[in-house]
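The structure appears right after this line, and notes come after that.
Number of protein chains: 2
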Amino acid sequence: MPEDCKVETALEILVGKWKPIILYQLFSQGTMRFSELQKALPDITKKMLTSQLRELEYHDIVHREIYLQIPPKVEYSITEYGMRMAPLLQAMNEWGMSHIEHLNELYGAEMQAKR
Amino acid sequence: MPEDCKVETALEILVGKWKPIILYQLFSQGTMRFSELQKALPDITKKMLTSQLRELEYHDIVHREIYLQIPPKVEYSITEYGMRMAPLLQAMNEWGMSHIEHLNELYGAEMQAKR
DNA sequence: CCGGATCCCAACCGATACTG
DNA sequence: CAGTATCGGTTGGGATCCGG
Numbered sequence: 220m221p222e223d224c225k226v227e228t229a230l231e232i233l234v235g236k237w238k239p240i241i242l243y244q245l246f247s248q249g250t251m252r253f254s255e256l257q258k259a260l261p262d263i264t265k266k267m268l269t270s271q272l273r274e275l276e277y278h279d280i281v282h283r284e285i286y287l288q289i290p291p292k293v294e295y296s297i298t299e300y301g302m303r304m305a306p307l308l309q310a311m312n313e314w315g316m317s318h319i320e321h322l323n324e325l326y327g328a329e330m331q332a333k334r
Numbered sequence: 220m221p222e223d224c225k226v227e228t229a230l231e232i233l234v235g236k237w238k239p240i241i242l243y244q245l246f247s248q249g250t251m252r253f254s255e256l257q258k259a260l261p262d263i264t265k266k267m268l269t270s271q272l273r274e275l276e277y278h279d280i281v282h283r284e285i286y287l288q289i290p291p292k293v294e295y296s297i298t299e300y301g302m303r304m305a306p307l308l309q310a311m312n313e314w315g316m317s318h319i320e321h322l323n324e325l326y327g328a329e330m331q332a333k334r
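As given, the protein sequences belong to chains G and H, one line each in that order. Sequential numbering from 220 applies to the first sequence in our numbering. Sequential numbering from 220 applies to the second sequence in our numbering.
Right under this line is the structure:
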């Protein structure tokens with residue numbers, strides 16, 4: 220039965236213009252401050268960075284640590300549970316890379332995996 | 220470097236309100252006619268079914284076989300290349316199922332993995 | 001420094017009607 | 001049967017400004 224397909228559940232968590240790249244940063248850099256994420260992702264607005272992080276936090280993928288001080292300091296990191304996503308992200312990344320090659324073979328290399 | 224993250228490439232192909240369930244149908248049923256897909260997905264409109272299938276076809280995941288006859292007959296199936304997505308979809312499905320359980324533990328079972 | 005609130009636009013999606 | 005055309009609603013995301 221179609222209801223048994225939970226691919227969409229996995230997608231929910233990853234879908235969002237900035238989520239994959241945010242996760243990539245946190246996975247590779249470890250703990251990062253809000254401003255460090257901003258620096259790493261120059262084109263994202265504060266609003267988007269906040270909302271994307273909040274959704275990841277809701278799903279227990281990202282942990283938000285608030286330091287009560289002036290000026291404020293907030294650090295983000297991958298949760299222990301979030302670490303369990305690593306193999307999946309790795310698999311998606313590898314599949315994505317090979318798919319880009321495949322598209323180049325199909326349609327030629329003059330395009331860069333645009334759809 | 221962030222540009223090496225191709226998770227988004229994999230997402231591009233799966234994102235779309237009906238793509239996962241369409242793939243689920245084709246993977247489990249094999250070849251299906253347009254009308255059979257419509258029957259299996261009662262809430263999808265022809266327009267959406269067509270457009271989602273076209274995008275999957277562009278990415279060489281789905282094959283479209285047209286029979287020139289009256290009335291028309293068109294069959295859709297997973298391409299040989301598309302078959303290589305099976306392990307990834309399987310992994311995403313399993314991760315999704317376990318994540319639903321995890322959310323239930325976190326927030327209680329009164330909600331069904333809604334965000 | 002780390003956001004929230006508001007407004008706005010573009011892309012996505014649905015309903016309906018029409019066609020080879 | 002298997003689509004296309006058109007229109008209109010909804011939602012995700014960006015720009016800007018305000019606040020603790």
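Note that the Cβ used here is the ideal one computed from N, Cα and C, for glycine as well. Since the model is a prediction, treat every value here as computed from it, not as a measurement.
Practice problem: Consult DSSP for M251 of chain H and reduce its assignment to one of helix, strand or coil. | Solution: Annotated three-state conformation of M251 of chain H is strand, per DSSP.
Quiz item: Expressed to the nearest angstrom, what Euclidean distance is found between the alpha-carbon atoms of Y287 of chain G and R252 of chain G?
Solution: In the sequence as displayed, the identity of residue 287 of chain G is Leu instead of Tyr. L287 of chain G and R252 of chain G have their C-alpha atoms roughly 14 Å apart.
Practice problem: Assign M304 of chain H to one of two classes, buried (16 or more other C-beta atoms within 10 Å of its C-beta) or exposed (fewer than that). | Solution: Buried, since its Cβ has 16 or more Cβ neighbours within 10 Å.
Quiz item: At least one CB of chain G closer than 7 Å to the CB of M267 of chain H: is that the case?
Solution: No, because no Cβ of chain G sits closer than 7 Å to the Cβ of M267 of chain H.
Exercise. Kindly list the residues whose CB is nearer than 8 Å to the CB of T298 of chain H, restricted to its own chain and excluding five residues on each side of it in sequence; keep chain order.
Key: Here the set comprises D279, I280, V281 and H282.
Quiz item: Shorter than 7 Å from the beta carbon of N312 of chain G to some beta carbon of chain H?
Solution: Output row for N312 of chain G: interface = yes.
Self-check item: Minimum Cβ-Cβ distance from L275 of chain G to chain H less than 7 Å
Solution: Not an interface residue.
Quiz item: Taking only beta-carbon atoms, is M316 of chain G less than 7 Å away from chain H?
Solution: Using beta-carbon distances, M316 of chain G counts as an interface residue toward chain H, with a partner under 7 Å.
Exercise. Enumerate in chain order the residues of its own chain whose CB-to-CB distance from S296 of chain G is below 8 Å, with the five nearest sequence positions on each side excluded.
Key: Within the same chain, S296 of chain G has close Cβ partners L245, G249, T250, M251, V281, H282 and E284.
Practice problem: Measure from the C-beta of T228 of chain H to each C-beta in chain G and report whether the shortest distance is under 7 Å. | Solution: Residue contact check for T228 of chain H against chain G: a CB pair falls below 7 Å.
Quiz prompt | Local Cβ density within 10 Å of E320 of chain H, reported as buried at 16 or more and exposed below that | solution = Classification for E320 of chain H: exposed.
Self-check item: Where P180 of chain G meets chain H, residues with beta-carbon distance less than 7 Å
Solution: Residue numbering for chain G in the displayed model covers 220 to 334; residue 180 of chain G lies beyond these limits and cannot be assessed.
Practice problem: Apply the 10 Å Cβ neighbour rule to E324 of chain G and answer buried if 16 or more other Cβ atoms are within range, or exposed otherwise. | Solution: Around the CB of E324 of chain G, fewer than 16 other CB atoms lie within 10 Å, so the residue is classed as exposed.
Self-check item: Identity of the residues DSSP links to Y295 of chain G by a beta bridge
Solution: Residue pairing from DSSP places Y295 of chain G in a beta bridge opposite G:M251 and G:R283.
Practice problem: Note down the Cα distance separating K333 of chain H from W314 of chain H, rounded to an integer number of angstroms. | Solution: Only weak support is given to the placement of K333 of chain H: the predicted model assigns it a pLDDT of 44, under 50, and the value that follows is read from those uncertain coordinates. CA-CA distance, K333 of chain H to W314 of chain H, rounds to 16 Å.
Quiz prompt | Run of the alpha helix (DSSP H) containing G315 of chain G, from where it starts to where it stops | solution = A305 to Y326 is the span of the alpha helix (DSSP H), which, as asked, contains G315 of chain G.
Quiz item: On the premise that V226 of chain H lies in contact with L230 of chain G, defined as a C-beta separation below 8 Å, what is that separation, rounded to the nearest angstrom?
Solution: Contact check for L230 of chain G and V226 of chain H: beta-carbon distance about 11 Å, past the 8 Å limit, so the pair fails to qualify.
Quiz item: For T269 of chain H, which of H:Y300, H:I289 and H:W237 has the nearest alpha-carbon?
Solution: Looking from the CA of T269 of chain H, the closest CA among H:Y300, H:I289 and H:W237 belongs to H:W237.
Practice problem: Check distances from the C-beta atoms of the stretch 290-304 of chain H to those of chain G and list, in chain order, the residues that come in under 9 Å. | Solution: Result list: Y300, R303 and M304.
Quiz item: When burial is assigned at 16 or more other CB atoms within 10 Å of the CB, is Q309 of chain G buried or exposed?
Solution: Here Q309 of chain G is exposed, its C-beta having fewer than 16 other C-beta atoms within 10 Å.
Exercise. Kindly indicate the opening and closing residues of the alpha helix (DSSP H) around V226 of chain H.
Key: Here the alpha helix (DSSP H) through V226 of chain H covers V226 to L233.
Quiz item: What is the DSSP secondary structure of T269 of chain H, counted as helix, strand or coil?
Solution: DSSP places T269 of chain H in helix when its eight states are reduced to three.
Practice problem: Answer with buried or exposed for I289 of chain G, where buried requires no fewer than 16 other C-beta atoms within 10 angstroms of its C-beta. | Solution: Looking at its Cβ environment, which holds fewer than 16 other Cβ atoms inside 10 Å, I289 of chain G is exposed.
Self-check item: Partner residues on chain H for V234 of chain G, Cβ-Cβ distance less than 7 Å
Solution: Within chain H, the residues whose beta carbon sits less than 7 Å from that of V234 of chain G are L230 and V234, listed in sequence order.
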